[in-house]
Every structure is written in structure tokens, then in C-alpha cells.
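First comes the structure, then the notes that go with it.
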Amino acid sequence: MKNIKYLLLRRVTQIGILFLYFAANVYGLNILSGTFGSSLLFETIPLADPYTTLQVLATGFVLGADVLIGAAIITLFYFVVGGRAFCSWVCPINMVTDLANWLRRKLKLDKEEVNYRFIKRSARYWIMVLGLIVSAVVGIAAFEVLSPITIMQRGIIFGFGAGISVVIAIFLFDLFGVRNGWCGHLCPLGATYSLIGKASLIRVDHDHEACTACMKCKVVCPENHVLHMINKKSIMVTDGECTNCGRCIDVCDDDALKFNIRNYLK
Amino acid sequence: MADSNNNRRKFIATTLQSVGLTALGGLLWSGYSDEVKASPLVLRPPGAIKEDDFLTACIKCGLCAEACQNRDTNIDRKTGLAKEGTLKMAKGGDHKLIGTPYFIPTDVPCYMCEDIPCVPVCPSGALNQASVSNESGELDINKARMGLAVVHKESCIAFWGIQCDACYRACPLLGEAITIEMHRNERTGKHTFMLPIVNDNACTGCGLCEIACVTEKPAIFVLPNEVSKGKAGDHYVKGWDKNDEKRIENAEAEETTTELSKEGTASGYLNSGELY
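Shown next, in the form of C-alpha cells:
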């Protein structure tokens, strides 16, 4: 039980949030309505996706105040508290790519040297900027026409249609193509949250003294370059690309990893 | 020295590669995005701004569709359960911009709720509340212009001379949006053609006429305004209507120069003796 604590918590959060969105449409239960693009919490507090908002603003359209306030609230929350937690605690695609990644390990696809490394992890930042440029050129929010995240979320709330193929494509890409290909290399939304959450308070903390260098954490970590301090230094994981998923804490048998609050005063 | 040369070469090569791949991605992405927004035959919720701007503004949150689905009047009287709402969210395979709200009158038409639940919830400005409000700022669904009903007279049985006024009776703006025009039926000599005529100044495009139409494929159907309407342009003015003259106040003169006009005036070439 100990080694799936955060995994369970995350699944409960992810599925709980999706259920609230689903219930708002199907049962008229207005706790959390809308979709990630723009939502309403308790019918009053607007929430909006920062990257979607940026894309629409890039087209030159002056968005309604609700969306702008909503995007500011979300940005502030992840900037101060959550870091890149959206990716591992909220995003439904995380369940798909986690499954692909788990299967990859079970099928030993990484050891067979079939991990195509033709994409760099920095590609997502290029895609993020490119998405804004394409939005400005074409005049519609460009990532939103193919975003597997909102397609999957709307699929759950309103019905999938052919949109399910995008989700399957992401699964196959992560399983047979690049390891952590979507979330760790391509997703511009993840890139946005990496930048927003760079300075956030909640961080994974490493205790070098307790570490036995088993490297289990590096195996499960979807962004394992952020764990460069393992068995080297007792410092926090401060890289913005860490999704705060806590999987490393789960698998650590030596209590060498735990969540901590970053102390800026020290 | 040779080493730094190699480094520079590698740097230039990888930079070029990144820029090139980004350009490739940008072109594919732009092309795809531009294609997927081209779906002119789609009906939007009440208050939707012009289709082109709507595609830009809609943040695909679905709050309008949820409000439509969960409106108080959307209860099936027999079962007590919620019926399918009017507004759907475009899915993959619907061939409409994915995630945008739309409706198909023959599935579920717009019932023109007086409190218009779908419009005030729009956070982005894609649905403009002012366009469905009257002068005193109250919501007025009769101001909605979701589309315009069009009659195909060859398949409308009323135009054949058969008595049918299903669309006229189904219209929520009875006697305003659809009026019946009477003509003598010369074929029988003793009957009347009762022809449904749609009036642009009242039709909201709700689609209740379309679903009521009795023909196998509806002879009256709602088309988006961009598709169903013509435009007379600045060349034609209702001289008897003072208001219509205002329409062309800002008209600009357009001069065209053709090969013929270069050679002189029209009368000039007519008198030049050459035969065309």
C-alpha cells in the first residue's frame, strides 16, 4: 500500500475532477462545469486554461473577462503552489501515457533499444511557441483543433466520436514510439505549465544520506532528468519539468524522497 | 582550430535542422487548422457572432451546451428524464471545428427558451448577449439570428397545390416569421395555393419548421445566414425609402478600366465603324 499512495491519490483526484465535469453536463450538478478551456467552480469562480487563453489572444480576439480572470487564477495557483501538477494530478491524458509507460516497462521495450530518440525534450517549447504563431496566422486556437487533452476530456463529458482515435494514437506513440513521447517531449500545454510552475512552493525533496542508489525513482520518473541529484546532493527537485506526481516518493524504499515546501527565506 | 570549426559546423547544422523542422511543422499545422475551420454549413447557438469570428472566439468549454442540456424545460413529460439537448459539441468525425457547439434542427431544433440559458454563460464573448437583448437590456430570444429558413418550392407540397401549413403552424413566431401567401390555383380553377413565405426580418433560424415539415426530406430548412442570404450591394437603392439611402452613405465609387474604355467612350467605339 505504501508504494502506491500518491499514485492512488492522483487517480482519485483525476477521476474525481473528470466526474465533476461529467456530472455537470449529465446530472446538472454544477460544482465544476465546462471543460479545461474554461470552467466555472461553484457557478461563480471562473477557471481557464492559460495556454488556450494565450492562443485565442494570439489571434487578436479580445476575450471576455471571465476567461482572463480564470486563466489568471489557474496561473497563479500553479505558479505559487502546484508547479506542473496539472499534468499528473488533473490531465486525463496522464492516465493514458502512464499506462503506456507501465506497459513499456512490463514488455521491456526500453531494454530492446526500441526507444526512438529522434525528438528532444525541448521540442515542446518550440511547439508551444509555434502553436501561438500558427494561431495568429490561421485565426483560430491552433492547438485546440488537435489537443488530445481537451478531446479526451470532452469525449468523457459529451461523447468521443472519432476523437477516440487521437487518444489511441497518443497511447501507441508512447508505447511503441518515444518513451514519455507525448507528455515529456511534445505537449505544449505541459511546456506552458513547466514554465508557469518553475518557482512553485511544493517540491520533491531528496535526502542524500538515506539514499541507497537503487535508482527505482529514475526508472518510474516520466521526466527523469529532473532527478539529477539522486545519490549526489541533498537538494530539492527544482526543475520546472517535474510534474510533482510523487511516483518517485512512492517507489523509494529508503525514505530518501518526500514532498516539501520550498523555503525562499533561507 | 579544427575542433572549433567542427563545433561551429555542428551548431549551424542543428540550428538549421531545428528551424527547418519547426517551419515544416508550422506549415502542416497551419494547413490542417485552416482546413478544419472550413465548415460553412453549421448552425450556431443564439447570439453567436459572425462564423469566422466565432471560430476564433469560442474557447470550446461547452458551458452553453451544458446549460442547454440542463434547462428546466428539457424534461421528457412521459419519463421525467432529461431529453437530448439542442446544442451538441462537435466531436471528431462530425466535420465541424472540434469542440464548438452547433445544432441540427432535424435532430433537436432550438426551442427558443425565453431566458436563453446558453448565452449568458459564455465566458469568451463568442455568444454575444447584447445581440439577443432588447433596448432595455432584457434577454429577447426573438432577436436571435441563428440562420434563416429557406423553402425549396419544387418539393414543398403547398406549392403543388396540396393543403399543408405544418411549418407555418410550427413556427414559434406564428404569422411573423412564416406567412401564408394565397394564390388562385388555375389548374383546378376552384382551389387556393397557400404558400409559406419566410420573412427574413423575423425568422430566428430555430428550425422548428424544418422538423415539422412533412415531406420525406424537409422542403423548408434552416441555412446559416452567410449561406442563405444574398446582398444587393451599393449599386441598388430603394429610392422610395429614406432609410435605405443611409445604407450607401459610405459607399465608394469603383472605377473599372477595361481594354475598351482605354480606347475611348462607349459611343466612340460604336461609331468607329468596326463591327463586332
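Line by line, the protein sequences are chains A and B. To convert, count from 1 in the first sequence and add 12; that's this note's numbering. To convert, count from 1 in the second sequence and add 3; that's this note's numbering. C-beta: ideal position from N, C-alpha, C; glycine also. Note that the structure is a prediction, hence the values are computed from the model and not measured.
Chain B partners of residue 82/A, CB-CB under 9 Å?
-> 126
Go ahead and label residue 190/B buried or exposed: buried means 16 or more other beta carbons lie within 10 angstroms of its beta carbon, across all protein chains shown.
-> exposed
Would you say the segment 234–250 of chain A touches the segment 20–33 of chain B, given that touching needs at least three Cβ pairs under 8 Å?
-> no
Could you pull out every residue in the same chain whose Cβ sits closer than 8 Å to the Cβ of residue 41/A, ignoring the five residues on either side in sequence?
-> 32 and 35
Does residue 87/A get closer than 9 Å to chain B when you measure Cβ to Cβ?
-> no
Kindly say whether residue 83/B, judged by its beta-carbon, lies nearer than 9 Å to any beta-carbon of chain A.
-> no
Among residues of its own chain, excluding the 5 on either side of residue 112/A, which ones have a beta-carbon nearer than 6 Å to its beta-carbon?
-> 183, 186 and 187
Proximity test, Cβ basis, 9 Å: residue 62/B and chain A = yes
In angstroms, rounded to a whole number, what distance separates the CA positions of residue 205/B and residue 30/A?
-> 42 Å
Between the CA atoms of residue 114/B and residue 218/B - distance to the nearest angstrom = 21 Å
Note down the Cα distance separating residue 244/B from residue 87/B, rounded to an integer number of angstroms.
-> 46 Å
For residue 293/B: DSSP bridge partner residues | This structure leaves residue 293/B out entirely; chain B is present only between 4 and 279.
From residue 227/B to residue 42/B, what distance separates their C-alpha atoms?
-> 11 Å
Enclosing alpha helix (DSSP H) for residue 105/A [first to last residue] = 105–118
State yes or no: is the C-beta of residue 51/A within less than 9 Å of the C-beta of residue 64/B?
-> yes
Does the Cβ-Cβ distance between residue 119/B and residue 46/B come in under 9 Å?
-> no
Minimum Cβ-Cβ distance from residue 56/B to chain A less than 9 Å | yes
Kindly list, in the order they appear in chain B, the residues whose Cβ is closer than 7 Å to that of residue 45/A.
-> 66 and 69
Distance, residue 228/A Cα to residue 260/A Cα | 7 Å
DSSP bridge partner residues for residue 184/B (one or two, in chain order) = 198/B
Can you give the beta carbon distance from residue 127/B to residue 75/A, rounded, assuming they're within the 8 Å contact cut?
-> 5 Å
Kindly indicate the opening and closing residues of the alpha helix (DSSP H) around residue 249/A.
-> Residue 249/A -> no alpha helix (DSSP H), and no H or E assigned at all.
Interface flag, residue 91/B vs chain A, CB-CB below 9 Å | yes
Taking residue 216/A as the reference, which of 80/A, 82/A and 94/A has the closest Cα?
-> 94/A
Using a Cβ cut-off of 9 Å, pull out every chain A residue sitting near residue 182/B, in sequence order please.
-> Near residue 182/B there are no residues of chain A at all, since even the closest Cβ is about 38 Å away, more than 9 Å.
Taking only the alpha-carbon atoms, compute the straight-line gap between residue 150/A and residue 60/B and give it to the nearest angstrom.
-> 13 Å
Look at the alpha carbon of residue 97/B and the alpha carbon of residue 173/A, and state the distance between them as a whole number of angstroms.
-> 8 Å
What residues are listed by DSSP as bridge partners for residue 191/A?
-> According to DSSP, which records beta bridges pairwise, residue 191/A is partnered with nothing at all.
Near residue 200/B, which residues of its chain fall below 8 Å by C-beta distance, leaving aside the five closest residues on each side in sequence?
-> 154, 181, 182, 183 and 184
Any 3 or more C-beta pairs closer than 8 Å across the segment 247–258 of chain A and the segment 97–104 of chain A = yes
Under 9 Å, do residue 188/B and residue 194/B count as touching if we go by C-beta distance?
-> yes
Once you ignore the five residues that flank residue 123/B on each side, which residues in its own chain have a CB closer than 8 Å to its CB?
-> 132 and 142
Does the beta-carbon distance from residue 215/B to residue 172/B come in below 9 Å?
-> yes
Can you find at least 3 beta carbon pairs, one from the segment 207–224 of chain A and one from the segment 163–170 of chain A, that sit closer than 8 Å?
-> no
Measuring alpha carbon to alpha carbon, tell me which of 115/A, 82/A and 143/A ends up nearest residue 67/A.
-> 143/A
From the beta carbon of residue 111/B, is the nearest beta carbon of chain C less than 9 Å away?
-> The structure shown has no chain C; the protein chains it does contain are A and B.
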